[in-house]
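**Q** Protein sequences, first through last, are from chains U and B.
Residue numbers for the first sequence follow the numbering used here, so the first one is 18 and each next one is one higher.
Residue numbers for the second sequence follow the numbering used here, so the first one is 170 and each next one is one higher.
Ideal placement from N, C-alpha and C gives every residue a C-beta, glycine not left out.
All values reported here derive from a predicted model rather than from experimental measurement.
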Amino acid sequence: MSIDWFLIVSALVFCIGAGGVLTRRNPLVVLLCLELMLNAANIALIAFSRMWGNIDGQVFAIIVMVVAACEVCIGLGLVVAIYRRRLPIDVDELRELQG
Amino acid sequence: MATTAWLILLFPLAGTIVIGLGFKVWSARLVGTIGTLAIAAAFVCAVLTTISLQDRGEEQRQVVFTAWDYVVTVGVDAKLAILVDPLSMFMALVVTGVSTLIHLYSVAYLSGDRGYARFFAYLNFFVFSMLVLVLASNFLLFIVGWAFVGAASYLLISFWYRRTTATAAGIKAFVINVLGDVGLVLGTFFIFKHSGTVDFLGTFANASNDFTKGDADLTAGCILLLVGAFAKSAQIPLHTWLPDAMEGPTPVSALIHAATMVTAGVYLIARFHTLFELAPAAADVGAIVGALTLLVAGTIGLVVTDLKRVIAYSTMSQIGYMVMAVSAGAYVAGLFHLMTHAFFKALLFMAAGSVISAMGGEQNLDRMGGFKKAMPFTYGCFIIGGLALAGVPPFSGFFSKDDILLVMGEEGGWHWVLYAVGYVGAFLTAIYTWRMIFRAFWGEPVEQARELEHGHLYHAPEPFNPANGEIEDTDVGFPGPEHHIAERALTMKAAMAALAVLACVGGIVLVPHTTTWLETFLEPTFADSTIHPAENDSLLVVGLVLGAVLALGGIFIAYTVWVRRPGTSAQWQARFSGLHKLFINKWYFDEAIDFLIVRPAAWFGRWGQQTFERVFVNGTLVGGTSGIVRAGSAAVRAAQSGFLRAYAALLLLGVVAVGLYFLIQSA
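(1) In chain order, which beta strand (DSSP E) runs of at least 3 residues are fully inside the segment 245 to 313 of chain B?
(2) From B:F581 to B:M485, what does the alpha carbon distance come to, in whole angstroms?
(3) Who are the Cβ neighbours of B:V240 in its own chain at under 6 Å, not counting the five residues just before and after it?
(4) Contact criterion: CB-CB distance below 7 Å. Does B:A818 meet it with respect to chain D?
(5) Whose Cβ in chain B lies nearer than 9 Å to the Cβ of U:V108?
(6) Distance check for B:D475 and B:H701, CA to CA, integer angstroms please.
(7) Taking any Cβ of chain U, which residues in the segment 785 to 797 of chain B have a Cβ under 9 Å from it, in chain order?
(8) On the three-state DSSP scale, how would you describe B:F192?
(9) With DSSP as the reference, label B:T381 as helix, strand or coil.
(10) Find the nearest neighbour of B:T242 within the set B:F288, B:L300 and B:V367, judged by alpha-carbon distance.
(11) For U:V76, which three-state DSSP category applies?
(12) Does the segment 286 to 304 of chain B come into contact with the segment 313 to 325 of chain B, if we say contact requires no fewer than three beta-carbon pairs (one atom in each stretch) closer than 8 Å?
(13) List, in chain order, every chain B residue whose beta-carbon is nearer than 8 Å to that of U:L39.
(14) For B:T235, does the three-state DSSP call read helix, strand or coil?
(15) By DSSP, does B:N346 sit in helix, in strand, or in coil?
(16) For the structure I just gave you, are there three or more beta carbon pairs, one from the segment 403 to 421 of chain B and one from the segment 272 to 291 of chain B, closer than 8 Å?
(17) What do you get for B:E227, buried or exposed, if any count of 16 or more other CB atoms within 10 angstroms of its CB means buried?
(18) Give me the Cβ distance between B:M491 and B:A460, rounded to the nearest whole Å; I'm assuming they're in contact under 8 Å.
(19) For B:T509, is the classification buried or exposed, using 16 other Cβ atoms within 10 angstroms of its Cβ as the cut-off for buried?
(20) Once the 5 residues before and after B:P693 are set aside, which same chain residues still bring their CB inside 8 Å of it?
(21) Does the beta-carbon distance from B:G578 to B:L464 come in below 7 Å?
(22) Tell me which residues share the same chain as B:T432 and place their Cβ nearer than 6 Å to its Cβ, disregarding the 5 neighbours each side in the sequence.
(23) If you reduce the DSSP assignment to three classes, tell me which class B:F633 lands in.
(24) Report all residues from its chain with a CB closer than 8 Å to the CB of U:V89; omit the five preceding and five following residues, and keep chain order.
(25) Residues of chain B with a CB under 9 Å from the CB of U:R112: which are they?
(26) Please classify U:N6: is it buried, with 16 or more other beta-carbons within 10 angstroms of its beta-carbon, or exposed?
(27) What residue does the alpha helix (DSSP H) around B:M537 start on, and which one ends it?
(28) Tell me the residue span of the alpha helix (DSSP H) that contains B:S835.
(29) Under 8 Å by Cβ, that's how I've got B:L687 and B:V501 pegged, so tell me the actual separation to the nearest angstrom.
(30) What are the start and end residues of each continuous beta strand (DSSP E) run of 3 or more residues lying completely inside the segment 457 to 495 of chain B, in chain order?
(31) Can you name the residues of chain B whose CB is closer than 7 Å to the CB of U:A78?
(32) Check the C-beta distance from U:I63 over to U:A86 and give it rounded, since I have them as a contact under 8 Å.
(33) Please compile the residues from chain B whose C-beta is within a distance smaller than 9 Å of the C-beta of U:A58.
(34) Taking only three categories from DSSP, how would you classify B:T242?
(35) By Cβ distance below 7 Å, which residues in the same chain neighbour B:H749 in space, the five residues on each side in sequence not counted?
(36) Is it buried or exposed, B:I865, if we count other Cβ atoms within 10 angstroms and call 16 or more buried?
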């Protein structure tokens with residue numbers, strides 16, 4: 018199978034993820050969309066790995082998964098903390114750090 | 170020998186640190202003991218080092234001990250190293266010896282002062298700095314010692330810091346001394362440029378290869394070194410700080426402003442004699458300035474009425490002799506006078522301190538008189554010091570002063586002028602010294618003297634500043650109300666007696682045709698000197714007789730004017746009122762410096778502050794920069810909306826833009 022198909026799928030997933038990050042206001046959904054973007058990159062990495070017959074791409078993909086897991090941990094932890102303090106669960110409302 | 174040489178430095182330093190750190194804990198008695206013992210130990214070490222130095226062959230009597238290197242790289246060899254040679258040992262002996270006696274005197278003189286521990290910490294620090302200066306084996310350490318000495322002098326002059334006159338005098342001394350430091354540093358650069366080393370012995374050994382005689386750079390360097398020497402040794406025109414420095418406690422005047430620190434300039438010229446002999450123009454400048462100073466200071470000494478200032482001007486005048494001597498190549502004679510002067514001038518200051526304490530802090534000669542019976546011991550000290558200073562045989566000052574003038578005469582040429590000036594100066598010295606003695610001790614006893622004769626000490630009803638009559642703040646930092654002790658304390662008497670003996674017999678180290686101890690001792694340091702005037706015995710006899718006659722004549726004139734016919738001085742003041750005005754205003758040096766330097770500098774400072782700084786620095790540079798930053802940050806601040814999604818969109822757009830750019834580039 019040509020590499021193109023894999024890349025098209027990867028690009029589609031990435032765009033869906035990016036669109037979700039930009040448009041949705043619920044932090045949970047934003048985190049989900051970030052996961053989509055990361056996994057789109059993983060698809061591309063593994064596709065390239067297969068194309069070249071080289072294992073490096075797979076190693077990268079595993080590292081990305083580890084990073085993603087960490088990020089979700091922190092992200093979900095923040096969401097729970099926000100929920101516990103009865104703050105609105107909305108990324109647009111959380112803007113106290115503005116300049 | 171290495172150990173004892175380093176210990177000379179370490180004892181005073183340890184004394185400073187121990188007293189300085191524990192000034193709240195130690196009792197006054199303990200502080201005085203620690204301070205005095207530290208210096209006495211340094212003196213013992215100096216003696217031991219000198220003895221082991223004398224054991225060496227004459228060729229090996231210049232030894233350098235290095236503790237560690239700061240920087241040794243291309244051309245720079247900065248080391249913590251001391252040079253032990255006859256000259257540095259001679260100075261170390263004089264400094265530690267006289268300092269020990271002055272510490273002993275201070276133990277009693279400052280008892281009752283609330284800054285007792287502070288005083289001893291400063292005094293030990295001064296001795297340490299002075300020893301760094303004389304023991305330094307390279308220019309860098311020498312400059313460090315030089316600057317430390319200036320700082321110690323500042324601290325001690327403004328010791329009674331509640332007196333505005335004292336703090337002003339301290340600042341004046343410090344500023345002029347820093348001017349000298351700058352001259353010294355710049356002069357070092359001029360010499361280093363050609364010699365390529367900061368080490369003394371290395372510089373001197375190669376001096377004749379590095380410089381031709383009369384080299385312009387060397388002359389400039391030596392004149393800049395002389396600026397340093399003039400500032401430290403109170404030579405014209407940088408002398409104005411010394412009379413003001415009399416604001417410090419009397420032991421300070423005795424130690425720093427008579428016996429040791431002010432002779433640093435003489436030491437500098439003697440130490441660098443190899444360079445000065447290659448720059449005869451600079452050496453001549455030194456000799457002429459020394460001669461001028463000794464005359465000007467002598468004339469001022471004739472009219473000043475402040476007891477301590479008379480001695481201060483006399484110090485200036487005597488240092489003029491020394492600077493003249495070492496500049497003109499009479500090194501041994503100059504250093505001989507340095508030593509005898511340290512003895513009799515410290516003695517005179519101590520005795521003056523005794524009189525001042527009997528007067529309840531008053532220093533004006535006009536209000537003194539008749540202390541002869543009240544203070545016989547002080548009177549005796551004054552007589553001995555006065556005879557030595559005036560140069561009456563066989564006291565120490567007679568031999569040292571005549572030795573200087575003899576060499577001037579033997580050198581011939583235009584040095585005859587210096588010879589003549591020296592004898593005029595000697596005549597003036599005898600007059601003003603004995604004027605002071607006759608006015609303070611003879612005549613009708615004043616109230617304070619009568620009270621002392623009956624056994625109690627005069628106390629001013631209210632403590633006041635003798636310089637301007639201000640009532641004094643009775644908190645810390647002023648001479649405490651119970652500070653007056655006259656000559657009653659044993660330690661004071663012991664110190665004065667020791668110096669009196671030295672002032673009597675100090676001349677024995679170099680009596681013409683009898684002893685040559687000092688000359689033999691200093692020989693290794695000055696072996697490379699090229700100035701050896703032919704000895705002239707008839708001149709020697711003439712000089713000795715002339716010196717004695719002038720000294721006795723001066724004393725006789727002083728006796729006539731101030732004792733036998735008391736009105737004479739007032740008559741003369743009226744007749745030569747112009748001259749008197751010139752002298753009493755100190756030849757208008759303060760006014761001239763004020764007019765030529767201080768006021769233009771102050772005007773420039775005001776202009777700089779009001780025009781340059783306000784318009785250019787504040788308005789343009791600072792205002793412009795901050796305006797640009799403020800405008801830039803206002804623009805960026807608008808982008809900081811706090812909307813997470815907007816940030817993400819910007820990020821994405823940016824990545825897309827970069828990607829597009831590379832795509833277009835690669836196509």
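**A** Checking against the coordinates, here is how it stands:
(1) 245 to 253
(2) Checking the sequence, you will find Gly at residue 581 of chain B rather than Phe. Cα-Cα distance, rounded: 25 Å.
(3) A247
(4) Among the protein chains of the structure shown, namely U and B, there is no chain D.
(5) F812, L813 and R814
(6) 42 Å
(7) none
(8) coil
(9) coil
(10) B:V367
(11) helix
(12) yes
(13) R814, A817, A818 and L821
(14) strand
(15) helix
(16) yes
(17) exposed
(18) In fact, because the Cβ distance is near 12 Å, the residues do not count as touching under 8 Å.
(19) buried
(20) E227, E228, R230, Q231, D254 and P255
(21) no
(22) L507
(23) strand
(24) L48 and E52
(25) S810, G811, F812 and L813
(26) With chain U represented from 18 up to 116, any question about residue 6 of chain U goes unanswered, as that position is not in the structure.
(27) Note, B:M537: premise wrong, no alpha helix (DSSP H); not H, not E.
(28) L813 to S835
(29) 6 Å
(30) none
(31) Here the premise fails: no neighbours, minimum Cβ distance about 20 Å.
(32) U:I63 to U:A86, Cβ: 17 Å. No contact.
(33) Result: empty, since nearest Cβ-Cβ is about 13 Å, beyond 9 Å.
(34) strand
(35) V472 and Q742
(36) Here chain B comprises residues numbered 170 to 836, so residue 865 of chain B is not present and cannot be evaluated.
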